[in-house]
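**Q**
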Amino acid sequence: MSTSPRKHKKSSAVSPRISKVSYFGRIKASIVQHVQQLSSSFFELWRTPVATLMTILVLGIALSLPTVFHVMYKNMERVTGQWDSASEVSLFLKKGISEERIQVLINKLGLYENIETVTYISNHQALQEFKDISGFSKALDHLDENPLPAVLVVAPVKSARNAAGSKLLVAKLEREQDIDLVRVDIEWIEKLQAIFYLVVDMVIGIAALLLLSVLLIVSNTIRLNILNQRAEIEVLKLVGATNRFIQLPYIYIGAWYGFLGGVIAWFFSLILVFWLHASVLSLTSIYQVEFEIMSLTFNESIVLVITGAVLGFVASFISVKQYLVQIEPK
Amino acid sequence: MILFEGVSKVYADSQTALSQVDFHLKQKEMAFLTGHSGSGKSTLLKLVSLMERPTTGRIILNGNDISHLKGNDIPYLRRHIGMIFQDHRLLMNRTVLENVGLPLLIEGYNRHEIKKRSLAALDKVGLTGKGNSFPINLSGGEQQRVGIARAIINKPPLLLADEPTGNLDPKLSVEILNLFESLNQSGMSVLIATHDLGLIAKMRYRTLTLREGEMIDDGLLGGRNEY
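If you read the protein sequences in the order shown, they are chains A and B.
Going from the first sequence to our numbering is simple: count from 1 and add 221.
Going from the second sequence to our numbering is simple: count from 1 and add 161.
#1: To which residues of the same chain is residue 283 of chain A closer than 6 Å at the C-beta, ignoring the five residues directly before and after it?
#2: Is the beta carbon of residue 257 of chain B closer than 8 Å to that of residue 296 of chain B?
#3: Which residues mark the beginning and the end of the beta strand (DSSP E) in which residue 166 of chain B is found?
#4: Comparing alpha-carbon positions, which option in A/308, A/286 and A/372 lies nearest residue 323 of chain A?
#5: Taking the C-alpha atoms as reference points, what is the distance between residue 347 of chain A and residue 528 of chain A?
#6: For residue 222 of chain A and chain B, any beta-carbon pair shorter than 8 Å?
#7: Under 8 Å: do the segment 362-380 of chain B and the segment 195-203 of chain B share three or more Cβ pairs, one atom per stretch?
#8: For residue 189 of chain B and residue 445 of chain A, I'd like the C-alpha separation in whole angstroms.
#9: Please work out which residues of its chain come closer than 7 Å, Cβ to Cβ, to residue 213 of chain B, disregarding the five sequence neighbours upstream and downstream, and give them in chain order.
#10: Taking Cβ positions only, does residue 463 of chain A come closer than 8 Å to chain B?
#11: Looking only at C-alpha atoms, which of B/264, B/340, B/247 and B/182 sits nearest to residue 217 of chain B?
#12: Taking the alpha helix (DSSP H) that residue 219 of chain B falls in, what are its first and last residues?
#13: May I ask you to report which of helix, strand or coil DSSP gives residue 341 of chain A?
#14: For my contact list, residue 314 of chain B and residue 261 of chain B are in at a C-beta cut-off of 8 Å; report their separation, rounded to the angstrom.
#15: Any beta carbon from chain C within less than 8 Å of residue 293 of chain B's own beta carbon?
#16: For the structure I just gave you, are there three or more beta carbon pairs, one from the segment 322-342 of chain A and one from the segment 357-375 of chain A, closer than 8 Å?
#17: Quick one, which residues of the segment 257-285 of chain A are near chain B if we go by CB-CB under 8 Å, in chain order?
#18: Given a cut-off of 8 Å, decide if residue 288 of chain A and residue 497 of chain A are closer than it, judged by their beta-carbon atoms.
#19: So who's on the other strand from residue 375 of chain B, going by DSSP bridges?
#20: Use the C-beta contact count for residue 545 of chain A: other C-beta atoms within 10 angstroms, 16 or more gives buried, fewer gives exposed.
#21: In whole angstroms, what is the alpha-carbon distance linking residue 443 of chain A and residue 477 of chain A?
#22: Determine the DSSP secondary structure at residue 505 of chain A, reduced to helix, strand or coil.
#23: Just reading off the alpha helix (DSSP H) that residue 312 of chain A is part of, what are its end residues?
#24: Looking at the structure shown, is residue 380 of chain B part of a helix, part of a strand, or coil, going by DSSP?
#25: Please go through the same chain and pick out, in chain order, the residues whose beta-carbon is closer than 6 Å to the beta-carbon of residue 539 of chain A, but skip the five residues on each side of it.
#26: Confirm, please, whether the CB-CB distance from residue 475 of chain A to residue 536 of chain A is below 8 Å.
#27: Between which residues of its own chain and residue 184 of chain B is the CB-CB distance below 7 Å, once the five residues before and five after are set aside?
#28: Is residue 319 of chain B closer than 8 Å to residue 286 of chain B when the C-beta atoms are compared?
#29: Looking only at C-alpha atoms, which of B/172, B/346 and B/316 sits nearest to residue 391 of chain B?
#30: Run through chain A and tell me which residues come within less than 7 Å of residue 252 of chain B, C-beta to C-beta.
#31: At the level of alpha carbons, what is the spacing between residue 366 of chain A and residue 519 of chain A?
#32: Return the CA-CA distance between residue 487 of chain A and residue 473 of chain A, expressed in angstroms with no decimal places.
#33: Hey, quick one: how far does the alpha helix (DSSP H) through residue 284 of chain B stretch, first residue to last?
#34: Does the beta carbon of residue 306 of chain B come closer than 8 Å to any beta carbon on chain A?
#35: Alpha carbon to alpha carbon, what distance is there between residue 250 of chain B and residue 542 of chain A?
#36: Quick check on the burial criterion: 16 or more other C-beta atoms within 10 angstroms. Buried or exposed for residue 256 of chain A?
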């Protein structure tokens, strides 16, 4: 009956991790298990379709807001890119200047370091353009003389396309005696840009909070799943399942939630772009600007659903590590 | 197989469940563990499967001291012990075949092998043809047999049963105990916790008796076992 303690091996020396299955057999089984769990966890979601749909929709909305912000930002950036033309300076020339003098002025301006290009619009061209745009073609034909001046459109170099650079250039141009009026619209654009960047910062903050909410939603859903299946988890632990084995379906379910939330967000962003398309078209036609609102590219769409899946994975991993480990069979 | 050396268990609320328990269950031996409710039977079984840790003393299982086994190693230890419970602890949303094959799935056996061995285990406990049923559609005795099939499927050297006949009528109880007897004869060590003295008397095996956490008797009630 009595056995000397010295005869017994310490648990640290001999591990009970002796398997009847070969190493490669276990690796193969592990891969098969991952694939099976991935598909079975997807079907597991639809055992409670209403709850799953609700969760996915909430995740979709939470993910769609940053996505929509991104789409808006992308399009706004394209718009501001087109604002470069607004930094052009219009030089209205004095009336009655000869073509030779204008040519001399153009050559002179071409030598300015902070001027990139100079475009000449004669008063005839200006009148024709005005006729085409305004629709007053017939009325304008009755004028005795062309009331419009010739214009030079000056595009500053990139480094001068700001308020300070413009002011410097305008001051220089105003000293030219053949120029009647110098006009530039850079300041309001700068103000608008400042507001735009402020909005972008706010949007980044909101997007970060929404992504955090995705983490919390998935984490809480998985926590509830774990608590609901406590008895099943206990049984699995009793028959020798490791935490790693038990946690796998929960982690995959979390990843599926995130993935499907990403798909919903992608769909919502598509609808939004479709919805805005007509309004943007009518707005841009007023300003005679050719602008088509851009949706998510293929790569961006992939990034969106992968981001959703990764967020879901991380959230469920956190939940599983926190709650599953605590469950022990009684 | 199992050796308890001065094992005590005191729970967090200072309740002493076991006090200085010593016993040795040899390989291929079958024994009953008896005592009133609260005598410490379940605690003793929980200590063997490391659902609880001993407060003092040593537990030697198959020659290894498991008293301080690392938490990560516990699942692997449990794979060498077949456990049977009064409430069966089956997964009601899985078929009988899936329940029985669970230990093999956990160990990484392939599907074909799991199915083959699950059917064989069901055959052994007299549940041939019940593989595709759900536990909820089975009687208490059949559910208990499913639990036994799950416990023996990976051929563990040790079988622990906690009140396995607690919810069964006398006829079914004898059938279940006969099943344990045949498993013991096939080479498994079996330790059965029960308070049904009538049943113990019928089976006539070595009986360990606990009272208020102390081992008060370790005797042979019958002559079938060599101990």
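Built from N, CA and C at the ideal position, the CB exists for glycine as well.
Only a predicted model underlies this, so the values are computations on that prediction, with no experimental measurement involved.
**A** For this structure:
#1: Only 431, 434 and 435 meet the Cβ criterion.
#2: yes
#3: 163-171
#4: A/372
#5: 53 Å
#6: Unreliable placement is indicated for residue 222 of chain A, whose pLDDT of 35 sits below 50; the coordinate value is still reported in the next sentence. Yes - at least one Cβ of chain B is within 8 Å of the one on residue 222 of chain A.
#7: yes
#8: Straight-line Cα distance between these residues: approximately 44 Å.
#9: 170, 204 and 207
#10: At least one chain B Cβ lies under 8 Å of residue 463 of chain A.
#11: B/182
#12: That residue, residue 219 of chain B, is in no alpha helix (DSSP H); its beta strand (DSSP E) goes 217-222.
#13: Residue 341 of chain A: strand per DSSP, three-state reduction.
#14: 6 Å
#15: Among the protein chains of the structure shown, namely A and B, there is no chain C.
#16: yes
#17: none
#18: No, the pair does not count as a contact, with Cβ atoms beyond the cut-off.
#19: B/372
#20: Buried is the label assigned to residue 545 of chain A, since at least 16 other Cβ atoms lie within 10 Å of its Cβ.
#21: 12 Å
#22: helix
#23: Residue 312 of chain A -> not in any alpha helix (DSSP H); beta strand (DSSP E) instead, spanning 310-314.
#24: strand
#25: If we look at residue 539 of chain A and ignore the five residues flanking it on each side, its Cβ neighbours are 440.
#26: yes
#27: 165, 369, 376 and 379
#28: no
#29: In the structure displayed, chain B extends from 162 to 388; residue 391 of chain B sits before or after that span and is not available.
#30: 453 and 456
#31: Their Cα atoms are separated by approximately 57 Å.
#32: Using only the alpha carbons, I get a separation of about 21 Å.
#33: 272-285 is the span of the alpha helix (DSSP H), which, as asked, contains residue 284 of chain B.
#34: no
#35: 24 Å
#36: exposed
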